[in-house]
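Visitor:
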Amino acid sequence: MSLIELRGVTKVFGSGQSAFQALKGVDLDIEKGEFVAVMGASGGGKSTTMNILGCLDTPTTGTYRFKGIPVETLTNDQRAMLRRRYLGFVFQGFNLLSRTSALENVELPLIYRGEDRKTRRAAALAALDRVGLLQWADHTPAELSGGQQQRVAIARAIVTQPQVLFADEPTGNLDSERSIEIMELLSALNREQGITIAMVTHEPDMAAYAGTIIRFRDGLVEERIVNKVLA
Amino acid sequence: MLLTSFLLALRAIRRHLMRSFLTTLGIIIGVAAVVTMVTLGNGATASVKEQISALGSNMLTVRPGAGFGRGGGGGPPRPFEDADVEAVRAQVGGVLHVAPQATTSVTAVYEAQNWSTTVTGTTNDYFAASNFKLSEGRTFSEPEEQAGKSVCVIGDTIRTSLFRDVDPVGASLRLNDISCQVIGVLEKRGQAGPGADQDDQVVMPIKAVMRRLTGNRDIRAFQVAVDPRFDTSAVSASITSLLRERRHLTGNTENDFNIFDAKQISDTLSSATQTMTALLAAVAAVSLVVGGIGIMNIMLVSVTERTREIGIRLAIGAVQREVLMQFLVEAVTLSCLGGIIGLFLALALTIGISSAMHIPFVFDVKINLLAFAFAAAIGIIFGFFPARRAASLNPIEALRHE
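Chains as they are written, first to last, in the working numbering: chain A, 1 to 231; chain B, 232 to 633.
1) Could you tell me which residues DSSP pairs with B/Met435 in its beta bridges?
2) Could you tell me the boundaries of the beta strand (DSSP E) in which A/Leu220 lies?
3) So, helix, strand or coil for B/Arg246, using DSSP?
4) With a threshold of 8 Å, are at least 3 pairs of Cβ atoms found where one atom belongs to the segment 221 to 229 of chain A and the other to the segment 557 to 565 of chain B?
5) Under the DSSP definition of a beta bridge, which residues are partnered with B/Val340?
6) Examine chain B for any beta-carbon lying closer than 7 Å to the beta-carbon of A/Asn173, and answer yes or no.
7) Would you say A/Asn51 lies against chain B (beta-carbon separation less than 7 Å)?
8) My understanding is that A/Ile180 touches A/Pro170, with C-beta atoms under 8 Å, so please give their C-beta distance in whole angstroms.
9) With a cut-off of 8 Å on the beta carbons, I'd call A/Met149 and A/Phe89 a contact; round off their distance for me.
10) Taking C-alpha atoms, which residue in A/Asn190, A/Gly219, A/Tyr209 and A/Ile213 lies nearest to A/Lys32?
11) Quick check: is the beta carbon of A/Pro59 nearer than 7 Å to any beta carbon in chain B?
12) Just confirm the distance between the C-beta atoms of B/Met556 and B/Thr254, as a whole number of angstroms; I'd bet it's less than 8 Å.
13) Please report the straight-line C-alpha distance between A/Glu184 and A/Val131, rounded to a whole angstrom.
14) Which residues in chain A have a C-beta closer than 8 Å to the C-beta of B/His247? List them in chain order.
15) Determine, using beta carbons only, whether B/Leu291 and B/Ser467 come nearer to each other than 7 Å.
16) Look at the alpha carbon of A/Arg83 and the alpha carbon of B/Leu511, and state the distance between them as a whole number of angstroms.
17) List, in chain order, every chain A residue whose beta-carbon is nearer than 9 Å to that of B/Ala622.
18) Whole angstroms are fine: how far does the CA of B/Phe613 sit from the CA of B/Ala516?
19) Can you tell me whether DSSP reads B/Leu555 as helix, strand or coil?
20) B/Ile235 versus chain A: which residues are under 9 Å apart at the beta carbon?
21) State the Cα-Cα distance for the pair B/Ala546 and A/Gln193, rounded to the nearest angstrom.
22) Mind checking who A/Leu174 pairs with in its DSSP beta bridge?
23) Could you round the C-beta distance between B/Thr276 and B/Thr538 to whole angstroms and report it? I think they count as a contact, below 8 Å.
24) Can you check DSSP and say which residues form a bridge with A/Asn76?
25) Within 10 angstroms of the Cβ of A/Gly16, are there 16 or more other Cβ atoms? Answer buried if so, exposed if not.
26) Rounding to the nearest angstrom, what Cα-Cα distance links A/Leu128 and B/Leu233 in this structure?
27) Across the segment 385 to 396 of chain B and the segment 438 to 458 of chain B, are there enough close Cβ pairs to call them in contact, namely three or more that are closer than 8 Å?
28) Taking 7 Å as the cut-off, decide whether the C-beta atoms of B/Gly368 and B/Ile414 are in contact.
29) If contacts are defined as beta-carbon pairs under 8 Å, then B/Val384 and B/Val434 qualify, I think. What distance do you get, rounded to the angstrom?
30) By a C-beta neighbour count over all protein chains shown, 10 Å radius and 16 as the cutoff for buried, is B/Leu600 buried or exposed?
31) Please decide whether B/Gly522 counts as near chain A, where near means a Cβ-Cβ distance under 7 Å.
32) Quickly, what does DSSP pair A/Met39 with across the bridge? List them, please.
33) Quick one: does A/Leu74 have its CB under 7 Å from some CB of chain B?
34) With a threshold of 7 Å between beta carbons, is A/Phe89 in contact with chain B?
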């Protein structure tokens with residue numbers, strides 16, 4: 001059994017005349033420890049798929065098994081618990097809390113997990129150290145560069161030691177040099193910690209870091225390519 | 232979970248000090264305005280009541296003449312007789328004391344000092360009826376009253392004007408042509424109204440005044456102290472019908488005497504100040520509502536601004552309940568903090584203004600609680616409901632919110 005299994009997933013936004021079918025029956029498997037890049041033109045269904053995979057959204061029809069759990073049958077709160085326990089997110093726009101230090105941002109998921117103060121602090125500092133921002137722990141997002149903010153976001157995503165990290169165009173707002181740093185970091189997390197990564201990207205350079213590339217087109221998986229360079 | 236919410240709420244307040252301060256300010260001003268105005272209004276009412284009760288609120292004053300502003304023809308109004316006073320004492324129910332008064336103006340002289348004042352000829356009932364107490368000396372003795380001895384009790388104004396530092400009790404005072412021994416001094420009472428200094432009088436046995444000063448047996452007025460268990464207006468009506476009969480007034484003939492009821496004046500004034508208090512409270516309530524709208528706006532704006540934040544929290548695994556609880560704790564903390572500061576501000580203001588205006592400070596628990604509860608409710612409701620809307624969004628939609 002794969003870690004992630006989508007079967008015949010469709011997603012319709014709106015209803016009646018204005019209804020738009022974003023996904024038209026997607027079948028997709030992601031194995032534990034894989035690094036998958038999801039590519040495709042805008043409107044091809046890659047972001048919708050990512051939201052469903054990340055348990056942020058539910059399919060209209062079809063099934064999604066995460067670790068064998070039928071996600072489409074869960075309530076909002078149950079899906080939140082699933083995200084809290086197994087998933088980490090990195091967004092294109094960083095999505096850090098403003099006026100909040102890097103340390104407190106990274107601590108946030110642990111607060112919701114109910115960890116005590118000492119554990120939280122130690123884990124958050126370790127995560128910041130992992131992304132190379134230990135000395136920036138007390139700085140707020142406004143005092144950090146874009147690349148640094150994204151690394152704080154990655155620290156926040158990995159502080160709970162998730163099984164899967166979802167990254168939605170993590171380098172979309174960064175210059176090429178910062179982008180390479182972020183990709184190196186994600187790639188290292190995948191290799192060294194065995195974190196499964198699913199990443200949406202437009203840029204072939206970034207997709208090149210992934211072991212598998214899945215290309216979407218018109219709401220369907222068009223092709224699945226194994227990265228020969230890495231394999 | 233509550234602990235988590237507290238931690239998150241306090242962090243959010245700390246991070247947005249300006250926003251938190253503005254929210255709190257609306258509540259502070261609203262609560263302080265209402266409590267201050269109502270408390271001052273209550274103080275003013277209490278002050279009016281106190282002044283009126285100094286007049287003797289269960290006291291009727293009966294005078295000859297048709298009443299205020301009624302000169303009319305037919306010469307000076309007919310005075311009362313001893314027998315009228317005795318009849319009221321004997322025949323009207325609910326009467327505690329009846330004090331006849333024969334008054335005249337005199338010049339009082341002590342050594343080189345002289346002072347124009349009023350002599351009130353009366354009985355010991357006068358002190359009881361008017362609620363006068365003596366600061367020194369004694370009232371009249373039975374033989375002094377019976378024989379109409381030339382003794383007197385002086386008001387505080389006379390003491391300070393004529394005697395200065397000398398102890399007046401036992402001294403001899405000259406009133407026009409007669410000499411009179413001071414046996415007591417009234418406790419200082421102060422103005423009862425414009426031009427009515429109750430401390431500026433010399434009180435003598437009525438027989439002494441009639442015989443030696445006025446030279447007639449006219450009773451210019453009498454005071455009736457009413458048993459508090461009786462209604463002053465009912466007693467007043469009984470006296471009226473008794474006096475009409477004794478003065479042979481029949482049919483539609485108007486009264487040729489009038490009865491002044493301090494209780495009536497007191498009630499009128501109290502209801503007037505209560506109306507003022509109600510008016511002030513209404514004005515203050517408007518400021519509380521305006522403060523509430525301020526809170527509402529800040530809360531609505533901040534929740535809109537914070538929809539993305541709610542999205543982030545939901546995406547990283549917060550459940551809806553936790554997000555709501557955080558906003559609720561934030562709203563409760565700010566509202567209650569503002570309410571408490573508002574109450575203390577009102578306390579300081581009312582104590583200060585009361586003492587500056589010389590009115591008593593009357594602490595009203597009800598209005599304090601009411602204002603606090605109202606402000607807190609506004610803060611909580613408007614902090615909570617927009618947050619609930621945001622927390623029920625799909626995390627994706629909340630994150631896309633700009």
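Glycine included, C-beta positions come from ideal geometry on N, C-alpha and C.
Guide: Taking the structure as given:
1) Start at 1 with the first residue of the second sequence, and residue 435 of chain B comes out as number 204. Residue pairing of B/Met435 in beta bridges, as defined by DSSP: B/Gly352.
2) Your numbering for residue 220 of chain A matches position 220 in the first sequence. Its beta strand (DSSP E) spans residues Leu220 to Val226.
3) Taking the first residue of the second sequence as position 1, residue 246 of chain B is located at position 15. If DSSP states are grouped into helix, strand and coil, B/Arg246 belongs with the helices.
4) Contact between the segment 221 to 229 of chain A and the segment 557 to 565 of chain B is absent, because fewer than three Cβ pairs lie under 8 Å.
5) As a working note, residue 340 of chain B is residue 109 in the second sequence. The partner list for B/Val340 (beta bridge, DSSP) reads B/Asn345 and B/Arg405.
6) Start at 1 with the first residue of the first sequence, and residue 173 of chain A comes out as number 173. It does not: the Cβ of A/Asn173 has no partner Cβ on chain B nearer than 7 Å.
7) Counting from 1 along the first sequence, the entry for residue 51 of chain A is found at position 51. Yes - at least one Cβ of chain B is within 7 Å of the one on A/Asn51.
8) If you number the first sequence from 1, residue 180 of chain A lands on position 180. If you number the first sequence from 1, residue 170 of chain A lands on position 170. Contact doesn't hold; Cβ gap of about 12 Å is too wide.
9) Position 149 of the first sequence, counting from 1, holds the residue named residue 149 of chain A. Position 89 of the first sequence, counting from 1, holds the residue named residue 89 of chain A. First, the amino acid is wrong: residue 149 of chain A is Gln here, not Met. In fact, because the Cβ distance is near 14 Å, the residues do not count as touching under 8 Å.
10) What you label residue 32 of chain A is simply residue 32 of the first sequence in a count that begins at 1. When only C-alpha atoms are compared, the closest one is A/Asn190.
11) Within the first sequence, residue 59 of chain A is the residue found at index 59, counting from 1. Contact with chain B is absent for A/Pro59, since none of that chain's Cβ atoms lies less than 7 Å from the residue's Cβ.
12) Within the second sequence, residue 556 of chain B is the residue found at index 325, counting from 1. Within the second sequence, residue 254 of chain B is the residue found at index 23, counting from 1. The Cβ separation is near 18 Å, so there is no contact.
13) Counting from one through the first sequence, the residue named residue 184 of chain A turns up at place 184. Counting from one through the first sequence, the residue named residue 131 of chain A turns up at place 131. If you take the alpha carbons of A/Glu184 and A/Val131, they lie about 11 Å apart.
14) The count along the second sequence starts at 1 and reaches residue 247 of chain B at position 16. For the C-beta of B/His247, the chain A residues within less than 8 Å are, from N- to C-terminus, Arg99.
15) Residue 291 of chain B sits at position 60 when you count from the first residue of the second sequence. Residue 467 of chain B sits at position 236 when you count from the first residue of the second sequence. Yes, they are a contact pair.
16) The sequence position of residue 83 of chain A within the first sequence is 83, counting from 1. The sequence position of residue 511 of chain B within the second sequence is 280, counting from 1. One C-alpha to the other measures close to 56 Å.
17) Position 391 of the second sequence holds residue 622 of chain B. Here the premise fails: no neighbours, minimum Cβ distance about 10 Å.
18) Position 285 of the second sequence, counted from the first residue, corresponds to residue 516 of chain B. Position 382 of the second sequence, counted from the first residue, corresponds to residue 613 of chain B. If you take the alpha carbons of B/Ala516 and B/Phe613, they lie about 18 Å apart.
19) The residue you call residue 555 of chain B lines up with position 324 of the second sequence. In this structure, B/Leu555 counts as helix in the three-state DSSP scheme.
20) Working through the second sequence from its first residue, we reach residue 235 of chain B at position 4. For the sequence presented, residue 235 of chain B should be read as Thr rather than Ile. Listed along chain A, the residues sitting closer than 9 Å to B/Thr235 by beta-carbon distance are Ile111, Tyr112 and Gly114.
21) Numbered from its first residue, the second sequence carries residue 546 of chain B at position 315. Numbered from its first residue, the first sequence carries residue 193 of chain A at position 193. Roughly 22 Å between the two C-alpha positions.
22) On the first sequence, position 174 is the one that residue 174 of chain A refers to. Note: A/Leu174 sits in no beta bridge, so no partner.
23) Mapped onto the second sequence, residue 276 of chain B falls at position 45. Mapped onto the second sequence, residue 538 of chain B falls at position 307. Not confirmed; about 50 Å, so no contact.
24) For the purposes of this step, residue 76 of chain A is taken as the residue at position 76 of the first sequence. Bridge partners of A/Asn76: none, in fact.
25) For the purposes of this step, residue 16 of chain A is taken as residue 16 along the first sequence, with counting starting at 1. By the neighbour-count rule (16 or more Cβ atoms within 10 Å), A/Gly16 is not buried but exposed.
26) As a working note, residue 128 of chain A is residue 128 in the first sequence. As a working note, residue 233 of chain B is residue 2 in the second sequence. The alpha-carbon atoms of A/Leu128 and B/Leu233 are separated by roughly 28 Å.
27) no
28) Position 137 of the second sequence, counted from the start, is the residue given in the question as residue 368 of chain B. Position 183 of the second sequence, counted from the start, is the residue given in the question as residue 414 of chain B. Closer than 7 Å, so yes.
29) Residue numbering aside, residue 384 of chain B sits at position 153 when the second sequence is read from its first letter. Residue numbering aside, residue 434 of chain B sits at position 203 when the second sequence is read from its first letter. At roughly 4 Å, the Cβ-Cβ gap stays under 8 Å, so B/Val384 and B/Val434 are in contact.
30) Here residue 600 of chain B is taken as the residue at index 369 of the second sequence, counted from 1. The residue in question, B/Leu600, is exposed, as its Cβ has fewer than 16 Cβ neighbours within 10 Å.
31) Working through the second sequence from its first residue, we reach residue 522 of chain B at position 291. So no, B/Gly522 is outside the interface.
32) As a first step, residue 39 of chain A must be located in the first sequence, where it is residue number 39. A/Arg215.
33) Here residue 74 of chain A is taken as the residue at index 74 of the first sequence, counted from 1. It does not; no Cβ of chain B falls within 7 Å.
34) Position 89 of the first sequence, counting from 1, holds the residue named residue 89 of chain A. Yes - at least one Cβ of chain B is within 7 Å of the one on A/Phe89.
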